Amino acid sequence: MPETTNPTLTSYIERARKVLQHEQRTNHQDQAIKPGGLEIFVVRWADEVSSICKNAGLDLRPIHSFTEYLEGYRQQDPMQRAASLRAALAILNELEQREHGQRSSNVLTPPTQSVVGHDKSGSSTPGRNKSGLNNEITAAKAQTKPENKTVVNPPQNTTRLEANMSAGHTVLTLLSADITAVPGVGASIAARLHNLGIRSVRDLLFYFPREHRDYSKLEKIASIPFNELTTTMGLIWEVKNVPTSSGRTRTIATISDETGKLNVTWFNQPYLLKQLKAAQGSYLVVTGVKQRFGNKIEFSVRSHELPEQGDLVNTGRLVPV
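Sequential numbering of the sequence shown, starting at 11, is according to the numbering used here.
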(Lines of atoms letter the chains of each structure in order from A and count residues from 1; the text may use other names and numbers.)
(Lines give C-alpha, C1' and ligand atoms only; values in the text may rest on other atoms or scores of the structure.)
Protein backbone atom coordinates (compact mmCIF):
# COMPACT_ATOMS: atom_id res chain seq x y z
CA MET A 1 0.00 0.00 0.00
CA PRO A 2 1.23 3.58 -0.58
CA GLU A 3 1.21 4.31 3.14
CA THR A 4 3.98 1.81 3.72
CA THR A 5 6.05 2.35 0.56
CA ASN A 6 6.10 6.16 0.38
CA PRO A 7 8.30 6.71 3.46
CA THR A 8 10.73 4.15 2.02
CA LEU A 9 10.77 5.99 -1.31
CA THR A 10 11.50 9.24 0.50
CA SER A 11 14.52 7.71 2.18
CA TYR A 12 15.82 6.43 -1.18
CA ILE A 13 15.42 9.88 -2.72
CA GLU A 14 17.27 11.50 0.17
CA ARG A 15 20.09 8.97 -0.03
CA ALA A 16 20.59 9.60 -3.75
CA ARG A 17 20.47 13.35 -3.20
CA LYS A 18 23.23 13.15 -0.58
CA VAL A 19 25.43 11.09 -2.91
CA LEU A 20 25.01 13.54 -5.81
CA GLN A 21 25.58 16.57 -3.59
CA HIS A 22 28.75 14.98 -2.23
CA GLU A 23 29.91 14.43 -5.80
CA GLN A 24 29.30 18.13 -6.48
CA ARG A 25 31.30 19.16 -3.40
CA THR A 26 34.25 17.00 -4.51
CA ASN A 27 34.42 18.75 -7.91
CA HIS A 28 32.87 15.93 -9.95
CA GLN A 29 35.80 13.53 -9.53
CA ASP A 30 33.59 10.39 -9.42
CA GLN A 31 34.86 9.62 -5.94
CA ALA A 32 31.54 9.65 -4.07
CA ILE A 33 31.05 5.87 -4.41
CA LYS A 34 33.89 3.38 -4.02
CA PRO A 35 34.41 0.97 -5.62
CA GLY A 36 32.69 1.22 -8.97
CA GLY A 37 31.89 4.91 -9.10
CA LEU A 38 28.61 6.76 -9.40
CA GLU A 39 27.26 4.67 -12.30
CA ILE A 40 27.26 1.49 -10.18
CA PHE A 41 25.29 3.26 -7.46
CA VAL A 42 22.76 4.61 -9.98
CA VAL A 43 22.06 1.17 -11.47
CA ARG A 44 21.43 -0.42 -8.06
CA TRP A 45 19.42 2.54 -6.81
CA ALA A 46 17.20 2.57 -9.92
CA ASP A 47 16.46 -1.17 -9.60
CA GLU A 48 15.35 -0.80 -6.00
CA VAL A 49 13.34 2.38 -6.51
CA SER A 50 11.59 1.03 -9.63
CA SER A 51 10.02 -1.79 -7.64
CA ILE A 52 8.91 0.67 -4.95
CA CYS A 53 7.33 2.98 -7.54
CA LYS A 54 5.48 0.08 -9.16
CA ASN A 55 3.98 -0.94 -5.82
CA ALA A 56 3.04 2.68 -5.07
CA GLY A 57 1.50 3.23 -8.51
CA LEU A 58 3.99 5.99 -9.38
CA ASP A 59 5.27 6.87 -12.83
CA LEU A 60 8.60 5.21 -13.71
CA ARG A 61 9.64 7.79 -16.30
CA PRO A 62 11.52 10.01 -13.82
CA ILE A 63 13.58 6.98 -12.80
CA HIS A 64 14.48 6.27 -16.42
CA SER A 65 15.40 9.93 -16.96
CA PHE A 66 17.55 9.87 -13.83
CA THR A 67 19.58 6.91 -15.08
CA GLU A 68 19.89 8.37 -18.60
CA TYR A 69 21.43 11.59 -17.30
CA LEU A 70 24.11 9.72 -15.35
CA GLU A 71 24.81 7.02 -17.93
CA GLY A 72 28.42 7.23 -19.09
CA TYR A 73 29.26 9.61 -16.23
CA ARG A 74 32.83 8.35 -15.94
CA GLN A 75 33.59 9.21 -19.58
CA GLN A 76 32.24 12.77 -19.32
CA ASP A 77 34.42 15.82 -18.80
CA PRO A 78 33.92 17.97 -15.63
CA MET A 79 31.52 20.41 -17.32
CA GLN A 80 29.34 17.61 -18.65
CA ARG A 81 29.39 15.89 -15.25
CA ALA A 82 28.25 19.10 -13.57
CA ALA A 83 25.34 19.45 -16.01
CA SER A 84 24.39 15.78 -15.57
CA LEU A 85 24.35 16.13 -11.78
CA ARG A 86 22.16 19.23 -11.91
CA ALA A 87 19.68 17.49 -14.19
CA ALA A 88 19.63 14.35 -12.01
CA LEU A 89 19.03 16.40 -8.85
CA ALA A 90 16.11 18.13 -10.59
CA ILE A 91 14.64 14.70 -11.36
CA LEU A 92 14.95 13.73 -7.68
CA ASN A 93 13.09 16.88 -6.67
CA GLU A 94 10.37 16.10 -9.19
CA LEU A 95 10.09 12.51 -8.01
CA GLU A 96 9.74 13.69 -4.43
CA GLN A 97 6.97 16.13 -5.40
CA ARG A 98 5.10 13.42 -7.30
CA GLU A 99 5.37 11.10 -4.34
CA HIS A 100 3.90 13.74 -2.02
CA GLY A 101 1.15 14.44 -4.55
CA GLN A 102 0.29 10.73 -4.72
CA ARG A 103 0.06 10.59 -0.94
CA SER A 104 -2.24 13.64 -0.84
CA SER A 105 -4.53 12.28 -3.55
CA ASN A 106 -4.89 8.98 -1.69
CA VAL A 107 -6.06 10.87 1.39
CA LEU A 108 -8.25 13.56 -0.18
CA THR A 109 -9.92 11.85 -3.17
CA PRO A 110 -13.56 11.00 -2.24
CA PRO A 111 -15.08 7.71 -3.37
CA THR A 112 -16.91 7.87 -6.68
CA GLN A 113 -20.68 7.44 -6.70
CA SER A 114 -22.70 5.34 -9.08
CA VAL A 115 -24.74 7.27 -11.64
CA VAL A 116 -27.74 4.99 -11.32
CA GLY A 117 -28.73 3.60 -7.94
CA HIS A 118 -30.40 0.20 -7.47
CA ASP A 119 -32.39 -1.20 -4.63
CA LYS A 120 -32.06 -4.74 -3.37
CA SER A 121 -34.65 -5.98 -5.86
CA GLY A 122 -32.53 -4.71 -8.76
CA SER A 123 -34.95 -1.97 -9.88
CA SER A 124 -33.66 1.45 -10.82
CA THR A 125 -33.86 4.43 -8.48
CA PRO A 126 -37.26 6.14 -8.84
CA GLY A 127 -37.35 8.84 -11.46
CA ARG A 128 -34.22 7.56 -13.25
CA ASN A 129 -35.19 4.39 -15.11
CA LYS A 130 -32.85 2.78 -17.61
CA SER A 131 -34.66 4.04 -20.71
CA GLY A 132 -34.72 7.59 -19.38
CA LEU A 133 -31.00 7.51 -18.68
CA ASN A 134 -30.27 6.19 -22.17
CA ASN A 135 -32.35 8.98 -23.67
CA GLU A 136 -30.35 11.57 -21.72
CA ILE A 137 -27.06 10.07 -22.87
CA THR A 138 -28.25 10.03 -26.49
CA ALA A 139 -29.34 13.66 -26.26
CA ALA A 140 -26.01 14.67 -24.73
CA LYS A 141 -24.09 12.93 -27.51
CA ALA A 142 -26.24 14.67 -30.13
CA GLN A 143 -25.51 18.07 -28.56
CA THR A 144 -21.76 17.49 -28.46
CA LYS A 145 -21.48 15.93 -31.93
CA PRO A 146 -19.30 18.23 -34.05
CA GLU A 147 -20.77 19.81 -37.15
CA ASN A 148 -19.60 18.67 -40.56
CA LYS A 149 -17.11 21.49 -41.15
CA THR A 150 -13.53 21.69 -42.25
CA VAL A 151 -11.51 20.82 -39.18
CA VAL A 152 -8.05 22.27 -38.70
CA ASN A 153 -5.94 19.66 -36.96
CA PRO A 154 -4.11 20.98 -33.90
CA PRO A 155 -0.32 20.67 -33.74
CA GLN A 156 0.60 17.06 -33.13
CA ASN A 157 3.13 17.93 -30.46
CA THR A 158 1.10 20.31 -28.33
CA THR A 159 2.41 20.00 -24.79
CA ARG A 160 -0.46 19.73 -22.32
CA LEU A 161 0.08 21.31 -18.91
CA GLU A 162 -2.33 20.51 -16.11
CA ALA A 163 -3.65 23.01 -13.61
CA ASN A 164 -1.78 23.39 -10.31
CA MET A 165 1.36 21.77 -11.70
CA SER A 166 4.43 22.33 -9.58
CA ALA A 167 7.29 24.26 -11.13
CA GLY A 168 9.40 21.12 -11.29
CA HIS A 169 6.60 19.11 -12.90
CA THR A 170 6.06 21.83 -15.50
CA VAL A 171 9.75 21.91 -16.39
CA LEU A 172 9.90 18.11 -16.64
CA THR A 173 6.84 18.05 -18.90
CA LEU A 174 8.25 20.68 -21.23
CA LEU A 175 11.64 18.97 -21.36
CA SER A 176 9.93 15.72 -22.33
CA ALA A 177 8.14 17.36 -25.28
CA ASP A 178 8.94 16.06 -28.75
CA ILE A 179 11.59 18.02 -30.60
CA THR A 180 9.01 19.10 -33.20
CA ALA A 181 7.34 21.19 -30.49
CA VAL A 182 10.21 23.67 -30.95
CA PRO A 183 9.16 26.43 -33.39
CA GLY A 184 10.83 26.01 -36.75
CA VAL A 185 11.58 22.29 -36.35
CA GLY A 186 9.64 20.45 -39.02
CA ALA A 187 9.71 16.88 -40.25
CA SER A 188 12.93 17.21 -42.28
CA ILE A 189 14.91 18.89 -39.50
CA ALA A 190 13.48 16.45 -36.96
CA ALA A 191 14.68 13.52 -39.07
CA ARG A 192 18.21 14.93 -39.10
CA LEU A 193 18.08 15.47 -35.34
CA HIS A 194 16.84 11.92 -34.83
CA ASN A 195 19.98 10.68 -36.58
CA LEU A 196 21.94 12.41 -33.80
CA GLY A 197 19.80 10.78 -31.12
CA ILE A 198 17.88 14.00 -30.39
CA ARG A 199 14.17 13.26 -29.97
CA SER A 200 13.04 15.57 -27.15
CA VAL A 201 13.72 19.10 -25.93
CA ARG A 202 15.80 17.56 -23.11
CA ASP A 203 17.97 15.70 -25.64
CA LEU A 204 18.60 18.94 -27.52
CA LEU A 205 19.59 20.90 -24.40
CA PHE A 206 22.01 18.23 -23.28
CA TYR A 207 23.56 17.52 -26.68
CA PHE A 208 27.07 18.81 -26.10
CA PRO A 209 29.55 19.41 -28.95
CA ARG A 210 32.43 16.96 -29.26
CA GLU A 211 34.86 19.83 -29.72
CA HIS A 212 35.15 23.52 -30.61
CA ARG A 213 37.13 24.49 -33.70
CA ASP A 214 38.90 27.82 -33.63
CA TYR A 215 38.12 29.73 -36.81
CA SER A 216 38.86 33.05 -35.16
CA LYS A 217 42.43 33.35 -36.49
CA LEU A 218 43.29 33.78 -40.17
CA GLU A 219 46.74 32.51 -41.12
CA LYS A 220 48.72 34.09 -43.91
CA ILE A 221 49.29 31.67 -46.79
CA ALA A 222 53.05 31.54 -46.21
CA SER A 223 52.51 30.68 -42.52
CA ILE A 224 50.06 27.78 -42.93
CA PRO A 225 51.43 24.73 -41.05
CA PHE A 226 51.25 21.19 -42.42
CA ASN A 227 48.68 18.66 -41.15
CA GLU A 228 46.76 21.13 -38.98
CA LEU A 229 43.24 22.46 -39.43
CA THR A 230 43.79 26.06 -40.50
CA THR A 231 41.75 28.99 -41.81
CA THR A 232 43.17 31.36 -44.41
CA MET A 233 41.92 33.96 -46.90
CA GLY A 234 43.01 35.02 -50.38
CA LEU A 235 41.88 36.44 -53.70
CA ILE A 236 40.54 33.94 -56.24
CA TRP A 237 42.70 33.87 -59.38
CA GLU A 238 41.78 30.68 -61.21
CA VAL A 239 39.23 27.86 -60.86
CA LYS A 240 39.04 24.55 -62.74
CA ASN A 241 37.67 21.01 -62.51
CA VAL A 242 40.15 18.16 -62.94
CA PRO A 243 39.03 14.51 -63.34
CA THR A 244 40.96 11.84 -61.45
CA SER A 245 41.88 8.31 -62.50
CA SER A 246 39.32 6.92 -60.04
CA GLY A 247 36.46 8.79 -61.71
CA ARG A 248 36.21 11.51 -59.08
CA THR A 249 36.34 15.24 -59.73
CA ARG A 250 38.70 17.68 -58.09
CA THR A 251 37.78 21.35 -58.05
CA ILE A 252 40.98 23.40 -57.72
CA ALA A 253 41.07 27.13 -57.00
CA THR A 254 44.22 29.24 -56.85
CA ILE A 255 44.12 31.95 -54.19
CA SER A 256 46.75 34.42 -53.05
CA ASP A 257 47.57 37.06 -50.47
CA GLU A 258 50.58 39.33 -49.99
CA THR A 259 52.68 36.37 -48.78
CA GLY A 260 52.12 33.83 -51.56
CA LYS A 261 49.79 31.61 -53.59
CA LEU A 262 47.94 28.42 -52.63
CA ASN A 263 45.99 25.76 -54.54
CA VAL A 264 42.91 24.73 -52.56
CA THR A 265 41.00 21.57 -53.46
CA TRP A 266 37.48 20.17 -53.11
CA PHE A 267 36.63 16.55 -53.98
CA ASN A 268 33.45 15.47 -55.80
CA GLN A 269 31.85 18.93 -55.73
CA PRO A 270 31.96 19.92 -59.43
CA TYR A 271 29.00 22.28 -58.98
CA LEU A 272 31.34 24.66 -57.11
CA LEU A 273 33.06 25.57 -60.39
CA LYS A 274 30.27 27.93 -61.46
CA GLN A 275 30.01 29.59 -58.05
CA LEU A 276 33.76 30.13 -57.68
CA LYS A 277 34.25 31.35 -61.27
CA ALA A 278 31.56 33.96 -60.67
CA ALA A 279 33.52 35.08 -57.61
CA GLN A 280 36.92 35.41 -59.35
CA GLY A 281 38.72 38.51 -58.12
CA SER A 282 36.88 38.31 -54.78
CA TYR A 283 38.13 37.06 -51.45
CA LEU A 284 37.64 33.42 -50.45
CA VAL A 285 37.93 32.14 -46.87
CA VAL A 286 38.84 28.45 -46.65
CA THR A 287 39.32 26.10 -43.72
CA GLY A 288 41.19 22.86 -44.25
CA VAL A 289 44.44 20.93 -43.94
CA LYS A 290 47.68 21.57 -45.83
CA GLN A 291 49.43 18.37 -46.91
CA ARG A 292 52.40 17.34 -49.03
CA PHE A 293 52.08 14.66 -51.73
CA GLY A 294 55.51 14.08 -53.25
CA ASN A 295 56.60 17.39 -54.75
CA LYS A 296 53.10 18.83 -54.63
CA ILE A 297 51.41 20.74 -51.82
CA GLU A 298 47.64 20.49 -51.52
CA PHE A 299 45.19 22.27 -49.26
CA SER A 300 42.12 20.05 -48.76
CA VAL A 301 39.11 22.25 -48.01
CA ARG A 302 36.69 21.35 -45.20
CA SER A 303 34.56 24.48 -45.47
CA HIS A 304 34.62 27.76 -47.35
CA GLU A 305 32.89 31.13 -47.36
CA LEU A 306 32.71 34.13 -49.66
CA PRO A 307 32.78 37.13 -47.29
CA GLU A 308 31.86 39.65 -49.99
CA GLN A 309 28.60 37.81 -50.72
CA GLY A 310 27.19 37.76 -47.21
CA ASP A 311 27.85 37.43 -43.51
CA LEU A 312 30.46 34.94 -42.39
CA VAL A 313 28.98 31.95 -40.58
CA ASN A 314 32.09 30.27 -39.17
CA THR A 315 35.04 32.58 -39.76
CA GLY A 316 36.09 34.62 -36.74
CA ARG A 317 34.34 32.33 -34.27
CA LEU A 318 34.69 29.25 -32.12
CA VAL A 319 32.48 26.74 -33.94
CA PRO A 320 30.97 23.77 -32.03
CA VAL A 321 31.25 20.39 -33.75
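Idealized CB from N, CA, C, for every residue including glycine.
Fair warning: this is a prediction, and the values are worked out from it, not measured in the lab.
**Message:** Would the region 87-102 count as touching the region 23-30 if we require 3 or more Cβ pairs under 8 Å?
**Reply:** yes
**Item:** Contacts around W5, its chain only, beta-carbon distance under 8 Å, and the 5 residues preceding and following it disregarded
**Value:** There is simply no residue 5 to check, as the chain begins at 11 and stops at 331 in what is shown.
**Asked** Would you call the CB atoms of T275 and T261 closer than 8 Å?
**Response** yes
**Segment contact flag, the region 238-251 with the region 278-294, C-beta cutoff 8 Å, min 3 pairs** = Taking one beta carbon from each stretch, the region 238-251 and the region 278-294 have 3 or more pairs nearer than 8 Å; the two touch.
**Asked** How is the alpha helix (DSSP H) around P72 delimited, first residue to last?
**Response** Per DSSP, P72 belongs to the alpha helix (DSSP H) from 71-80.
**Message:** Quick check on the DSSP output: the beta strand (DSSP E) that includes I43 runs from which residue to which?
**Reply:** First-last for I43: undefined, no H or E at that position.
**Request:** Could you tell me the distance, in whole angstroms, from the CA atom of L102 to the CA atom of A197?
**Result:** Taking the straight line joining both Cα atoms gives about 33 Å.
**Inter-residue spacing [alpha-carbon to alpha-carbon] between G47 and H74** = 19 Å
**Asked** So I62 is in the alpha helix (DSSP H); what residue range does that whole segment cover?
**Response** 48-66
**Prompt:** Going by DSSP, what residues sit across from I101 in a beta bridge?
**Reply:** Note: I101 sits in no beta bridge, so no partner.
**Prompt:** Candidates F76, I199, Q279, L68: which alpha carbon is nearest R212's?
**Reply:** F76
**Asked** In this structure, does DSSP put N37 in helix, strand or coil?
**Response** Looking at N37 - three-state DSSP - the assignment turns out to be coil, as it is neither helix nor strand.
**Asked** Does DSSP classify R302 as helix, strand or coil?
**Response** strand
**Prompt:** Counting Cβ pairs, one atom from each stretch, are 3 or more of them under 8 Å apart for the region 226-241 and the region 266-274?
**Reply:** yes
**Asked** If we ignore side chains and look at the alpha-carbon of each, how far apart do R302 and G82 end up?
**Response** 40 Å
**Prompt:** With C-beta atoms as the reference, is F51 less than 8 Å away from I43?
**Reply:** yes
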